[in-house]
């Protein structure tokens, strides 16, 4: 890709995200989302592969539909209330349409169909952007409109996302699709607590972003696209593969790693709200995700490739380790002792 075109796309991506998260008017938020959509499309289709073109087409169509619904919801709300302020979402139809529109943009069940296919057709770096930065503006809109949204609808979508993200990730052999369904399952955790403690939704998103960024950067370093090629990573960089296993377990939410913190806080808050059945359901559904994270960790660290007499092992990778990977992996493994500080900030 042309360096100038890549610079323009990256700058536009940051600009669109900044406009949306800092706006309090529906039109400026919508403009920021449109800039984001147009900026990420060249990055998705830059390989000129048929799968990449298909992914960019699917992404454009779904995001255009979501943007249309969001604009329609804001116009209905302005028509009946005279308010364009994002926090003044009062009309029931507008609340419903905005929930659907933001859910499409995020990839929540039942609007998840586009997300795994788009990630499968993109490069690892673009997948990292789609799974983290591109979800920040819609999460911000959810955060601002959370008092007006229907808690029953959000809880149903959250439970469905956690269930489907866990079930569909079980039989995947492509690492990008596994991480796509992992993202859908984590969105369920973020959505289920949105009505009761929106700050906790943001904390969960931040920690998810750190952990997922570490995993994508490690996979990009080792050039791992399938589980079968992941079995050869141990002979390339054993220390990095060990850290990769710990990061996967952190994403699964096992103590004493960082990923345990948001799930612990969410279960605690749901119990305070007397939603014990909901907390139990989403906790049990997280076991599905734990299974395929353990499967990834098993393939990366315990399984070794077949060793024939004429087979020469590759003992090191040619790619240098990204410094960001080191920072993100450290944060995703060792942040749990700082949980009192996180609770004080929130």
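Residue numbers (full-length UniProt numbering): 1 to 346. Where a beta carbon is used, it is the ideal one built from N, C-alpha and C, also for glycine.
Item, Value
"For the putative contact between residue 138 and residue 106, defined by C-beta atoms under 8 Å, what is the C-beta separation to the nearest angstrom?", "5 Å"
"Just the C-alpha distance for residue 269 and residue 236, rounded to the nearest angstrom, thanks.", "43 Å"
"According to DSSP, is residue 311 part of a helix, a strand, or is it coil?", "The pLDDT assigned to residue 311 is 49, lower than 50, so where the model puts this residue is not dependable; a value taken from the coordinates is nonetheless given after this. Correct three-state label for residue 311: coil."
"Which term fits residue 311, buried or exposed, when burial requires 16 or more other beta carbons within 10 angstroms of its beta carbon?", "Note that residue 311 has pLDDT 49, beneath the 50 cutoff, so the model's placement of it is unreliable and the number below is only indicative. Exposed."
"Along the chain, where does the alpha helix (DSSP H) that runs through residue 230 open and close?", "227–230"
"Do you know whose CA, among 221, 280, 58, lies nearest residue 115's CA?", "58"
"How far does the alpha helix (DSSP H) with residue 259 in it reach, from first residue to last?", "Here residue 259 belongs to no alpha helix (DSSP H), and DSSP marks it neither H nor E."
"Any idea what DSSP makes of residue 178, helix, strand or coil?", "helix"
"Since I believe residue 44 is in contact with residue 13 (beta carbons under 8 Å), could you give me their beta-carbon distance rounded to a whole number of angstroms?", "12 Å between Cβ atoms; not a contact."
"Can you name the start and end residues of the alpha helix (DSSP H) that residue 117 belongs to?", "114–120"
"For a test of the three-state rule: what should DSSP assign to residue 49, helix, strand or coil?", "coil"
"Could you tell me how far apart the beta carbons of residue 165 and residue 184 are, in whole angstroms, since I believe they sit closer than 8 Å?", "4 Å"
"Are residue 76 and residue 24 closer than 9 Å when you measure CB to CB?", "no"
"Ends of the alpha helix (DSSP H) at residue 196?", "Careful: residue 196 lies outside any alpha helix (DSSP H) and carries neither H nor E."
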